[in-house]
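For reference, the structure discussed in these notes is given below.
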Amino acid sequence: EAEVAQSPRYKITEKSQAVAFWCDPISGHATLYWYRQILGQGPELLVQFQDESVVDDSQLPKDRFSAERLKGVDSTLKIQPAELGDSAMYLCASSLLRGPSEQFFGPGTRLTVL
Amino acid sequence: AQTVTQSQPEMSVQEAETVTLSCTYDTSESDYYLFWYKQPPSRQMILVIRQEAYKQQNATENRFSVNFQKAAKSFSLKISDSQLGDAAMYFCAYRAPQGGSEKLVFGKGTKLTVNP
Chain R
1 EAEVAQSPRY KITEKSQAVA FWCDPISGHA TLYWYRQILG QGPELLVQFQ
51 DESVVDDSQL PKDRFSAERL KGVDSTLKIQ PAELGDSAMY LCASSLLRGP
101 SEQFFGPGTR LTVL
Chain Y
1 AQTVTQSQPE MSVQEAETVT LSCTYDTSES DYYLFWYKQP PSRQMILVIR
51 QEAYKQQNAT ENRFSVNFQK AAKSFSLKIS DSQLGDAAMY FCAYRAPQGG
101 SEKLVFGKGT KLTVNP
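Those protein sequences? They're chains R and Y, same order as listed.
FYI, the working numbering numbers position 27 of the first sequence as 27, with every residue one higher than the one before it.
FYI, the working numbering numbers position 44 of the second sequence as 44, with every residue one higher than the one before it.
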């Protein structure tokens, strides 16, 4: 069964360091989402891609976060510099189409900033 | 802005019994989508059930069903014949209508414990 892949699964870093997360969506899924899930909260969208184009990055802290999906397949989310408040689960999801297509989630990357 | 509220941080149920998880939401739209997602410990989030607001009939998926009350902006999830594998965090989510924002707006979740 096709799944969304994410790596690493866990990341511990010190504040002011740079971190990067990788996501490989289900093959053929054109839409890709990055969510951040703070402990005890529901996920919140950071950025949405349609193919290689950004559709929505209104909640992305652009002073320190960046995201790319250069060839419209896999994607990288970067934080530089990391801050203590960035500790969270970072979830990637993909869907076949835009619109109300089901979003399939990856296992997430648990980030701890010390 | 749309908001989703889950007022039950934790719920518990005996195996084989029925439990209902509550969700309310706020929107000015008339057409939208509602979802329940399940997030087991250390595993990915999976879709349990979805409801289109234009459909009056409540969605059902095997042991899972919803009670969608559009006027009250309520969307509860009923799990019948609870199983140990149902233990997880459950998130209610809202999505705007076609042409609007495509992000899912989630509630804070309800942790469900199933007792043997």
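All residues carry an ideal CB built from backbone N, CA and C; glycine is no exception.
| request: Use the C-beta contact count for Gln39 of chain Y: other C-beta atoms within 10 angstroms, 16 or more gives buried, fewer gives exposed. | output: buried
| request: Measure the CB-CB distance between Val19 of chain R and Gly106 of chain R and report whether it falls below 7 Å. | output: No, these two residues do not count as a Cβ contact at 7 Å.
| request: Find the residues of chain Y that neighbour Gly106 of chain R, judging by a C-beta separation of less than 7 Å, and give them in chain order. | output: At a beta-carbon threshold of 7 Å, the residues of chain Y lying near Gly106 of chain R are Gln44, ordered along the chain.
| Can you give the Cα-Cα distance for Thr20 of chain Y and Thr60 of chain Y, rounded to whole angstroms? | Going from the Cα of Thr20 of chain Y to the Cα of Thr60 of chain Y covers about 14 Å.
| query | Which residue's Cα is closest to the Cα of Asn62 of chain Y: Y:Gln69, Y:Gln83, Y:Glu52? | reply | Y:Gln83
| Mind checking Ser16 of chain R: buried by the 16 CB within 10 Å criterion, or exposed? | exposed
| request: May I ask you to list the residues that DSSP assigns as paired with Glu52 of chain Y? | output: Y:Tyr33
| message | Does Pro116 of chain Y pass the burial test, meaning 16 or more other C-beta atoms within 10 Å, or should it be called exposed? | response | exposed
| field | Under the three-state DSSP convention, the category Ile86 of chain Y falls into | value | Residue identity check: residue 86 of chain Y is Asp in the sequence provided, not Ile. Helix.
| field | Test item: CB-CB of Leu32 of chain R and Ser101 of chain R under 7 Å | value | The Cβ-Cβ distance between Leu32 of chain R and Ser101 of chain R does not fall below 7 Å.
| field | Reduced DSSP category for Asp56 of chain R - H, G, I as helix; E, B as strand; rest coil | value | strand
| request: Please decide whether Glu52 of chain R counts as near chain Y, where near means a Cβ-Cβ distance under 7 Å. | output: Taking Cβ atoms only, chain Y never reaches closer than 7 Å to Glu52 of chain R, which makes this a no.
| Contacting residues, own chain, Cβ-Cβ under 6 Å from Lys78 of chain R (five flanking each side not counted) | Ala20, Ser66
| query | For the candidate residues Y:Ser65, Y:Pro41, Y:Ile49, whose alpha-carbon lies nearest to that of Thr18 of chain Y? | reply | Y:Ser65
| task | Closer than 8 Å by beta-carbon distance: list the chain R residues that pair up with Leu21 of chain Y, in chain order. | result | Going along chain R, no residue has its Cβ under 8 Å from Leu21 of chain Y, so there is no contact; the nearest lies around 13 Å.
| field | Members of the segment 79 to 105 of chain Y that neighbour chain R once the beta carbon cut-off is set at 7 Å | value | Residues Phe91, Arg95, Gln98, Ser101, Glu102, Lys103, Leu104.
| task | Find the residues of chain Y that neighbour Asp56 of chain R, judging by a C-beta separation of less than 9 Å, and give them in chain order. | result | Ser101, Glu102, Lys103
| request: Give the DSSP-derived three-state secondary structure of Leu114 of chain R in the structure shown. | output: coil
| query | So, is Asp121 of chain R buried or exposed, given that buried needs 16 or more other C-beta atoms within 10 angstroms? | reply | Summary: the structure shown does not reach residue 121 of chain R, with chain R confined to residues 1 through 114, and so no result is reported for it.
| message | Output needed in chain order: residues of the segment 8 to 42 of chain Y with a Cβ under 7 Å from some Cβ in chain R. | response | Tyr33
| Can you tell which of Y:Thr113, Y:Arg43, Y:Glu29, Y:Asp86 has its C-alpha closest to the C-alpha of Glu52 of chain Y? | Y:Glu29
| said: Which residues in chain Y have a C-beta closer than 7 Å to the C-beta of Arg98 of chain R? List them in chain order. | reply: Glu102
| query | From what residue to what residue does the beta strand (DSSP E) around Met136 of chain Y run? | reply | Chain Y is shown from 1 up to 116; residue 136 of chain Y falls before or after that span and cannot be answered.
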